[in-house]
Each structure stands twice: as C-alpha cells, then as structure tokens.
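By the count of my numbering, the sequence shown reaches residue 256 at its end, each step adding exactly one. Take a look at the structure below.
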Amino acid sequence: MIRLENLTKVFGDLTAVDHLNLEIPPGEFFAFIGPNGAGKTTTIKMIAGLLRPTEGRATLCGHDVQNDYIAAKSVLSYVPDRPYLYDKLTGREFLRFVARTYNLPRAETESKIGELSETFGLEDFLDDLAETYSHGMKQRVVISAALLHNPKVVVVDEPLVGLDPKGGSILKQLMREQSRKGTSIFMSTHTLSLAEEVADRIGIIHRGRIVALGAPDDIRRVASTDGRLEEAFLRLTEEG
17 MIRLENLTKV FGDLTAVDHL NLEIPPGEFF AFIGPNGAGK TTTIKMIAGL LRPTEGRATL
77 CGHDVQNDYI AAKSVLSYVP DRPYLYDKLT GREFLRFVAR TYNLPRAETE SKIGELSETF
137 GLEDFLDDLA ETYSHGMKQR VVISAALLHN PKVVVVDEPL VGLDPKGGSI LKQLMREQSR
197 KGTSIFMSTH TLSLAEEVAD RIGIIHRGRI VALGAPDDIR RVASTDGRLE EAFLRLTEEG
C-alpha cells in the first residue's frame, strides 16, 4: 500500500507538489499522468525517498519513507525513467549485487535471475559488460532487478521508454501479474494509451495538485467528454 498525506515539496518560490493526498491499496495498478512540470517526478522521488518532503509524508505498507527508510525500502522497487547500471559489471553481476542488498539467498537469487532472464530475453547479453548495452537492454536488466525480491510496492517512471514492442508487451503483462498478486503499482507515464489500457485508476496532476482521480470513464465524466482520454486530459490541464 502507498499512502500520501499532505505531501508537499517547495523549491524556493515554486510549490512543485501541493498537499497531495492519495492512497493506492494492495493490488491496484495506478497511473499518474500530467503535463511536463506538473509534479510527477517530484512526487515519485519523495515516494522513493530520494527527496525529503517540505511537509506531509509518504508511507509504504505502513512504513514512513523518511523515518523508517530501511523498512520502507525493503518493500519497494523503484524503476527510474533513465536506467542506470555500473558499466564495468555484467548484467548478471549487477543482478547478483542487487539481490545481496536485499539479503536474498544465493539459490533463490540464481533461480530468479534465470526466470527473469528467460522472460525478458536477457540470455544473449547478460554476461556482457553493461557499457556495451543499448538503452533498451539496460531497461530490461533494471526492470528485472526491480522484481528480484518480489516487492509489495513498485514505482515506475516511463516504463516503456527504450523498450521495443515485444519488451513493452512483456513488461505490461508482468506488471499486471504483479498487481494480481497484491502488489501496489504506481506508474508515471506520458503515454495516455498505456494508462488507459492497464490502469485500474488514473490520477491527473496539474500544477502540483490532483485535478482528476478515478477510472478512465470517471476522468471523462469530470472533463465532460465521452471521447478519448487524451481529450479529457487536455481539457483538465489547459492553461487558464
């Protein structure tokens, strides 16, 4: 479960996130959309513990991200929009390194790496140095690393960036499976068709505040349109 309580972040004169209140229960696939500069990435970084809120708090499965960081991190997987690997490690070495940070037993680690390698088609390059990887290859390894410890919360920023259609299809299927198992998924994306396809609920953030929240049909109703989600999004975030 993810709970945001009056979550606020101020940078000088700019309020990037303004008293955000939101709850994503276990098993929900939640899509977070908004224009550039609306506060999506700032919100994600506070959930992941990378930014300290100016006010309010984020909790993951009851653990305060700032005051109980180790417990919160143990249930979380965070996939940024720009995958980062250590260039001088192979993909397999990186996955083993991540597994050790979660104290996963060696046998479980190797079994899980084998399973994810087959799922994401990593076999051909998993033992090559990461410096030789394309963006899409890095993305597949980073997503695999995020799923190693069977997290209860997955926060993912622009998950399809760099993935080919096959990789994107596999990822969508995996995330659906994770949500069916009870994982709370918080996905930020600019791809409105993706949000409409996979999300149980959608939240639209604009100028740091949520302006619409609910299933796609609820969003259309708030925007007074029966057209595509894109039309509702533009109406709700138009300036003035």
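From the three backbone atoms N, C-alpha and C, an ideal C-beta is built for every residue, glycine too.
Residue pairing from DSSP places Val26 in a beta bridge opposite Thr31.
Per the coordinates, the alpha-carbon of Arg112 lies some 17 Å from the alpha-carbon of Tyr94. Taken in chain order, the complete alpha helix (DSSP H) segments of 4 residues or longer contained in the stretch 117-195 are 122-136 and 151-163. If you ignore the 5 residues before and after Arg19, its C-beta comes within less than 6 Å of the C-beta of Glu39 and Thr75, all in its own chain and listed in chain order.
In the structure shown, Gly107 falls within a helical segment according to DSSP collapsed to helix, strand and coil. Secondary structure note for Val81: it is in no beta strand (DSSP E), with a DSSP letter that is neither H nor E. With a cutoff of 8 Å on beta-carbon distance, Ala54 and Arg223 are scored as near each other. Here Lys56 has Phe48, Gly50, Ser204 and Ile221 as same chain residues with Cβ atoms under 7 Å from its own Cβ, once five neighbours each way along the sequence are excluded.
Around the C-beta of Lys168, 16 or more other C-beta atoms lie within 10 Å, and the residue is accordingly described as buried. Ser200 is bridged by DSSP to Val169. Residues Gly152 of the same chain have their beta carbon placed closer than 8 Å to that of Asp180, with the five preceding and five following residues left out of the count.
Excluding its 5 nearest sequence neighbours in each direction, Pro41 has C-beta neighbours in its own chain below 6 Å: Met17, listed in chain order. The alpha-carbon of Ile129 is positioned some 9 Å away from that of Ala161. Exposed is the label assigned to Thr117, since fewer than 16 other Cβ atoms lie within 10 Å of its Cβ.
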